[in-house]
Structure formats: C-alpha cells, structure tokens
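Residue numbers (my numbering), protein chains in the order written: chain Y, 1 to 273; chain E, 274 to 546.
Cβ atoms here follow ideal geometry from the backbone N, Cα and C, with glycine treated the same way.
What you are looking at is a predicted structure, and each value in this text was computed from that prediction instead of being measured.
A short write-up of the structure that comes next.
Rendered as structure tokens:
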C-alpha cells in the first residue's frame, strides 16, 4: 500500500544534504523533511552519550512531522546512536554506515580497505566492524580520523593547495598500506572528493555513501510497501536549529543545487529524552 | 570587604582556558568555576540569537554556583551576548572584546590595526567598533575571519607547514595593509601565536586578550572591593556540557598545565531563558 508521508532526514548540520541529494535523485516522488542541527554542530568531535541524546531529540522532532521513515544522514550519529534510535522509533530507521561498508566490501579487489571519518566515528569502531562483517575473511581495514576535512568543506576550500597538504598529512598512511578502496565515512567529505582522489591516485576507488544509502532507502520503502504513489505535490521541507539564513547560505554546494525557500527554525533541545 | 566566592568563567569549550590561565597567574588566591559548553561548541560559526540563548543558559548555571563575577571567556559570546548578559545578571559581567581593543589602541604606532576572529565576531562588527572607540581618530582597522584556526588549534597543529599555509592564506591581506598591531580576537588563537608571529614578522605586535582580560578582572574586583581575602583553600572547579574525559584530554595545552582532576558534566540546555 502506498504511503505518501514524507521521509525524515537529519544530520548535525549541512553534511547530510549530500545524502538528501541522492535520495531526491533516485526517488523524485518521495517527500522529505530535513532537520539540520546546526545550533549544536558538529557531532564528530562530541561524545557518544551527547550524540545519542541529540539524535533522540532530532528523531522526536521528525516523528512529530509525521514521517514514514527516518534516515540518519550523519555517520557519527549512525555510529553512536543507531541502536538507541531503532529501540525508540515508531518508524523504520536507516543509517549510513552499513550501506557504505557493504559497498566497500563489494568494491575491493586486493582486500585492503581504508575508512576516513570523524574522530567519533573512528573511535567508536562501528565502521570497522561493519566492513569486517561484509568483507571476505582476511580483508585488512585501515582507519584514519580527518577532523580538518569538515572545516575545509565548510570553508569552501574543496581543492586548493592547503586541502592538498591536509590530504597528504592524513592520507599518506592509508596510501602506504596499499588500499584500493576508500570509504568517505563522513557526509562532508564528498565535497573534497576531487582532492582526495587526486592524492590517492586512479587505482583507489572512493565510496560516496550517499549513493549507497539512497539505494537502501528505496529498497526498504519497496520491501515494506510504503513507497509514495507519486502524482501529488512533493514536500521538501527544511528545518535548522540555528538561523535559517546561515543554513541557506552554506547549503547549496552540499545539496548540489539551490535550496527551496522557506527553511524554518526549530531547536530540538527542548525535548526531554 | 573581601568576597571569597569564586569567579565564574565560561566559554564555548576549551578556548577560554587561555583566559583562565591568565586569571590564575595574576590572582592565585581567587577561586574559579569554569564552564565549557563543549556539547554545543563551537560558537564562532553560529548565529547571534543562538549564541545569546546559550550564553544566558551558561550564565544561569554559573550564578547557581554562587559566583561573585562572570567572565565571558569567549570572543564570539562577548560580541553577541554581552548586553543581554549584563541586563540579566545579578553579578558584574566581564567580556573579552573591550580589553583587547584597549590594548590594541594603546599599542599601535602607525595607526593600522588588524583583528582576526571567528566569522561571528567579525560579522558582528563589535570588535571593530570597540577598537574605534579607544583608538586615536584616523586609525585604520582591518578585520579577517579565520575559521580554520580553531580546528588547527584543536588538532594540535600549532606550528606546522599546513598552519603556515593557512596563515599565509588568511593573513596576507592584513600584512599588505601594513598593520603594526594584530588582535588575536578568539581564545583559540594564542596556541597558534608562533606561526602567526612568524608570518607577520617582528614589526607586528600580537595582542593576547587573555592577559588584558585578567587585568580588567583584577581592577574590577579591587574597585568593587570584592577581591578574595586569600588564605583559604582556592576552588578550581570545571564543568563541561560534553563528557569530562573529552574535555580533560584536550584542555592542558590551552591551560598551559595539567588540569585538576574531577571535571563534572552539566548540560545548560535544560534552562529556560
């Protein structure tokens, strides 16, 4: 039976827009409600307990928007909070770590996979475990936290000399390990993919988890028989916990197009969780 | 009359520790309660309304700790929230913008002053106005937002090739304007002062606002006759809105020494303001 309610998507801020764009591309008939927690961003440097609390609050807000599914479009929140969210959610929850891990496991030829992510994601070990679960036995996995990448993406320094130097600093150990597959395990990183690809060279495949996540969203909607019937007006609502103008000023490069007008403010910190 | 209650100090996270160390250095008998809002850091990229709300909540927490004075050890919070705080505070409030501005106005010889700060501080115009208020007529003021500096300071890249390149990117316009005085208008920046000083050259004086703020704290305590009488045990309490361990792991370089044990967790977002 078709379900024309929107899909809820949240992130610590704007990085999740790189996931939203892939959902729009693959499922143009699905309505979406996006919440960016810009007032408390970033999540990547924060602790597990804090990220769980914020994620539960964000989920509560999306549930009140009458969504049929929740997509955690943030790797750090997925790594720390997925189990807390599924236990408390009234609708299916999709996270971004597993789809990226499956894509990486299916891509590697030499059994050497790199993962770049925030400190929070790397220290959680969740990404590494997910790749291990899906990759052939004996696959070697190498992780690297790249905290500066988020600032570089937000500053708009996507491919300059400084970004190249930061890539060299963070990625040299992964290159020396001879990986052939690199998971961009943070939704900010696709903006730096040209610089990352150039440093790693043509033999290393980059995994953009947004594409893999959109596939999982579509498959889940279909298997639960809750895809939209299409035809009506498609909702594309945006909320942010900081000022809408700040959000709108930086959103476009992440979304890959101009943002529809009318982002609204909402602070989820008022929710008791 | 002596007042042996502690001084309350807050910042978005750890940057304010560069102010706290100067307060400790100058007034070893004064107790302090420090609150770092690490769970919502940084403030420098967030809007005025959000920073005001957070600052009022942080102040409320410090007032409940029975402090005799509140120091806003964060330039962005000082720029956005000082007036809101003084209107609502039961104790004197000290901010960090004016002391740095006065120090800069008294330092320049050629009447050309640079200010580096967060986007929030720069866009507020508050720093520029403060320098204009105290500097001789005709003084030229040049501002530059340096968002990457915060990440570099927190990553521990205080003086490497990447930091040098980022300094060149941000500071070249100020150098070309021939400034002789540069205000480090963000409490993270003193950690990068070697790299900043090397790029700017020996003729440019750097203003570390922490030192200037500590002087104002001491003068205010004395003029209000509320300095500590000394002699007793000196309170040095720390609270953070994220996990204490995360706070303690990164605090030492900012404080310039090891942190006393026992940082406690507290989330000020529960306060209605």
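Please check the pair residue i and residue j, which I expect to be a contact at CB under 8 Å, by giving their CB distance rounded to whole angstroms.
| i | j | result |
| --- | --- | --- |
| residue 290 (chain E) | residue 528 (chain E) | 4 Å |
| residue 36 (chain Y) | residue 240 (chain Y) | 5 Å |
| residue 330 (chain E) | residue 542 (chain E) | 6 Å |
| residue 97 (chain Y) | residue 75 (chain Y) | 6 Å |
| residue 253 (chain Y) | residue 191 (chain Y) | 6 Å |
| residue 328 (chain E) | residue 358 (chain E) | 6 Å |
| residue 228 (chain Y) | residue 3 (chain Y) | 7 Å |
| residue 40 (chain Y) | residue 326 (chain E) | No, residue 40 (chain Y) and residue 326 (chain E) are not in contact; Cβ-Cβ is about 12 Å, not under 8 Å. |
| residue 321 (chain E) | residue 544 (chain E) | With a Cβ gap of about 19 Å, residue 321 (chain E) and residue 544 (chain E) do not count as contacting. |
Compute the Euclidean distance between the alpha carbons of residue i and residue j, then round it to the nearest angstrom.
| i | j | result |
| --- | --- | --- |
| residue 227 (chain E) | residue 539 (chain E) | Nothing about residue 227 (chain E) can be reported from this structure: the residues present for chain E run from 274 to 546 only. |
| residue 38 (chain Y) | residue 420 (chain E) | 16 Å |
| residue 363 (chain E) | residue 278 (chain E) | 14 Å |
| residue 201 (chain Y) | residue 171 (chain Y) | 11 Å |
| residue 482 (chain E) | residue 304 (chain E) | 21 Å |
| residue 397 (chain E) | residue 242 (chain Y) | 16 Å |
| residue 517 (chain E) | residue 423 (chain E) | 20 Å |
| residue 93 (chain Y) | residue 459 (chain E) | 40 Å |
| residue 307 (chain E) | residue 283 (chain E) | 6 Å |
| residue 165 (chain Y) | residue 442 (chain E) | 13 Å |
| residue 296 (chain E) | residue 484 (chain E) | 8 Å |
| residue 207 (chain Y) | residue 104 (chain Y) | 7 Å |
| residue 128 (chain Y) | residue 121 (chain Y) | 9 Å |
| residue 62 (chain Y) | residue 237 (chain Y) | 11 Å |
| residue 112 (chain Y) | residue 203 (chain Y) | 12 Å |
| residue 448 (chain E) | residue 410 (chain E) | 22 Å |
| residue 288 (chain E) | residue 95 (chain Y) | 33 Å |
| residue 375 (chain E) | residue 350 (chain E) | 18 Å |
| residue 234 (chain Y) | residue 522 (chain E) | 47 Å |
| residue 1 (chain Y) | residue 161 (chain Y) | 53 Å |
| residue 231 (chain Y) | residue 262 (chain Y) | 23 Å |
| residue 488 (chain E) | residue 478 (chain E) | 19 Å |
| residue 382 (chain E) | residue 468 (chain E) | 23 Å |
| residue 247 (chain Y) | residue 301 (chain E) | 44 Å |
| residue 361 (chain E) | residue 12 (chain Y) | 31 Å |
| residue 530 (chain E) | residue 461 (chain E) | 16 Å |
| residue 440 (chain E) | residue 472 (chain E) | 7 Å |
| residue 498 (chain E) | residue 490 (chain E) | 12 Å |
| residue 524 (chain E) | residue 532 (chain E) | 7 Å |
| residue 399 (chain E) | residue 177 (chain Y) | 50 Å |
Opposite residue i in the DSSP bridges: which residues?
| i | result |
| --- | --- |
| residue 342 (chain E) | E:280 |
| residue 36 (chain Y) | Y:11, Y:240 |
| residue 301 (chain Y) | Nothing can be reported for residue 301 (chain Y): it is not among the residues displayed for chain Y, which extend from 1 to 273. |
| residue 418 (chain E) | E:390 |
| residue 406 (chain E) | According to DSSP, residue 406 (chain E) bridges with nothing at all. |
| residue 112 (chain Y) | Y:140 |
| residue 538 (chain E) | E:513 |
| residue 480 (chain E) | E:456 |
With a threshold of 7 Å between beta-carbons, can residue i be considered close to chain C, or not?
| i | result |
| --- | --- |
| residue 203 (chain Y) | Chain labels in this structure do not include chain C; the protein chains are Y and E. |
Would you call the region 60-71 of chain Y in contact with the region 175-183 of chain Y, where contact means no fewer than 3 C-beta pairs closer than 8 Å?
Touching, no, given that fewer than three Cβ pairs across the two stretches are closer than 8 Å.
Indicate whether the contact test is met: 3 or more Cβ pairs, each with one atom in the region 353-367 of chain E and one in the region 423-435 of chain E, closer than 8 Å.
Remark: fewer than three beta-carbon pairs, one from each stretch, lie closer than 8 Å, so the region 353-367 of chain E and the region 423-435 of chain E are not flagged as touching.
According to a CB-to-CB cut-off of less than 7 Å, which residues of the region 431-450 of chain E neighbour chain Y?
The residues in question are 434, 435, 438, 439, 442.
Between the region 314-324 of chain E and the region 387-397 of chain E, can you find at least three pairs of beta-carbon atoms closer than 8 Å?
Taking 8 Å as the limit for Cβ pairs, the verdict is that the region 314-324 of chain E does touch the region 387-397 of chain E.
Near-chain Y residues of the region 412-428 of chain E - C-beta to any C-beta below 8 Å
The residues in question are 420, 421, 423, 424, 425, 427, 428.
Quick one: any contact between the region 136-144 of chain Y and the region 405-425 of chain E, if contact means 3 or more CB pairs under 8 Å?
Output reads no: the region 405-425 of chain E does not touch the region 136-144 of chain Y.
With 9 Å as the limit, tell me which residues of the region 489-516 of chain E have their beta carbon closer than that to any beta carbon of chain Y; keep them in chain order.
Listed by position along the chain: 514, 515, 516.
Residues of the region 305-321 of chain E in Cβ contact with chain Y at a cutoff of 9 Å, in chain order, please.
The residues in question are 311, 312, 313, 314, 315, 318, 319, 320, 321.
Members of the region 250-266 of chain Y that neighbour chain E once the beta carbon cut-off is set at 7 Å:
Listed by position along the chain: nothing, the set is empty.
Under 8 Å (Cβ pairs) to chain E, residues found in the region 14-34 of chain Y
Taking 8 Å as the Cβ-Cβ cut-off, the region 14-34 of chain Y has no residue approaching chain E.
Which residues, taken in chain order from the region 336-355 of chain E, show a beta carbon closer than 9 Å to some beta carbon of chain Y?
Flagged: no residues at all.
Residues of the region 322-334 of chain E with Cβ closer than 9 Å to any Cβ of chain Y, in chain order:
Listed by position, the residues of the region 322-334 of chain E near chain Y (Cβ gap below 9 Å) are 322, 323, 326, 327.
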